[in-house]
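J.: Counting from 1, one number per residue, gives the positions in the sequence shown under the numbering used here.
Yeah, the Cβ is synthetic: ideal placement off N, Cα and C, and Gly gets one too.
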Amino acid sequence: MAPRTRRNPRNSRSSGGIGGSEGTRTPDPLTVLGVPGAFVWAVLAFVTSFIPNIGFLIGVIPPALIALLEGGPELMLAVLAIYTGITFLSDSLIKPRVVGDTVGLSTTVTFLSLVFWTWVIGPLGALLAVPLTLLTRALLIEADPRTWWALPLISGKPNPTEKPESKHVG
Numbered sequence: 001m002a003p004r005t006r007r008n009p010r011n012s013r014s015s016g017g018i019g020g021s022e023g024t025r026t027p028d029p030l031t032v033l034g035v036p037g038a039f040v041w042a043v044l045a046f047v048t049s050f051i052p053n054i055g056f057l058i059g060v061i062p063p064a065l066i067a068l069l070e071g072g073p074e075l076m077l078a079v080l081a082i083y084t085g086i087t088f089l090s091d092s093l094i095k096p097r098v099v100g101d102t103v104g105l106s107t108t109v110t111f112l113s114l115v116f117w118t119w120v121i122g123p124l125g126a127l128l129a130v131p132l133t134l135l136t137r138a139l140l141i142e143a144d145p146r147t148w149w150a151l152p153l154i155s156g157k158p159n160p161t162e163k164p165e166s167k168h169v170g
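(1) Have a look at residue 66 and residue 124 and give me their C-alpha separation to the nearest angstrom.
(2) Going straight from the alpha carbon of residue 46 to that of residue 69, what length do you get?
(3) When you compare only the Cα positions, how much space is there between residue 82 and residue 28?
(4) Write down every uninterrupted run of the alpha helix (DSSP H) in the region 109-165 whose length is 4 residues or greater and which is fully enclosed by it, in chain order.
(5) Along the alpha helix (DSSP H) that carries residue 44, what are the first and last residues, could you check?
(6) Roughly how far, in whole angstroms, is the beta-carbon of residue 63 from the beta-carbon of residue 30, given that I think they are within contact range, below 8 angstroms?
(7) Among 120, 129, 121, whose alpha-carbon lies nearest the alpha-carbon of residue 108?
(8) Ordered along the chain, which non-local residues of its own chain (more than five positions away) have a Cβ less than 7 angstroms from that of residue 36?
(9) Could you have a look at residue 65 and say whether DSSP puts it in helix, strand or coil?
(10) Considering only their Cβ atoms, is the gap separating residue 113 from residue 133 smaller than 8 angstroms?
Below is the structure:
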């Protein structure tokens, strides 16, 4: 179980790095377009990038509404296009490869964990969905060598990368 525990800090670093890149790419186009509070929207983009699947929607609504109020529908559509482009590049091309390989969760499990933990805990569950799922996996699956067969179901890979060693004597 020790090798898996060491991987979790890399998930935070990889998600933080990708979220940070989203946050640093956001303020420049918004400033050029004249949207007030570009730095605030960049920080919001960074924070909501940690919420799988729906973070984009939470992060784009406030700047899009401000753009609508400040410059009309054209400015709002420009803001939506910028956010969509940045998020598409990050979430579709970069993040799944980096985070999925780092933590060993399939896209389906990530989405289901988002729904489940949001239902159980509320909005905080959306932020903590992946870490709580990793904790659950460590406690229920990786702790018991008899349940190693479930790892491919969770990771989405045909074979587990490492078979847990049996500590059960008997």
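T.: Well, looking at it:
(1) For residue 66 and residue 124, the gap between their C-alpha atoms comes out near 25 angstroms.
(2) Between the alpha carbons of residue 46 and residue 69 lies a distance of about 23 angstroms.
(3) Their backbone Cα atoms lie some 10 angstroms apart in a straight line.
(4) Contiguous alpha helix (DSSP H) elements confined to the region 109-165 occur at 123-137, 151-155, taking only those with 4 or more residues.
(5) Run containing residue 44: 38-48, per the alpha helix (DSSP H) assignment.
(6) Contact flag correct, Cβ pair sits at about 7 angstroms.
(7) Per the Cα distances, 129.
(8) Here the set comprises 66, 70.
(9) Of the three classes helix, strand and coil, the one that applies to residue 65 here is helix, per DSSP.
(10) Yes. Within cutoff.
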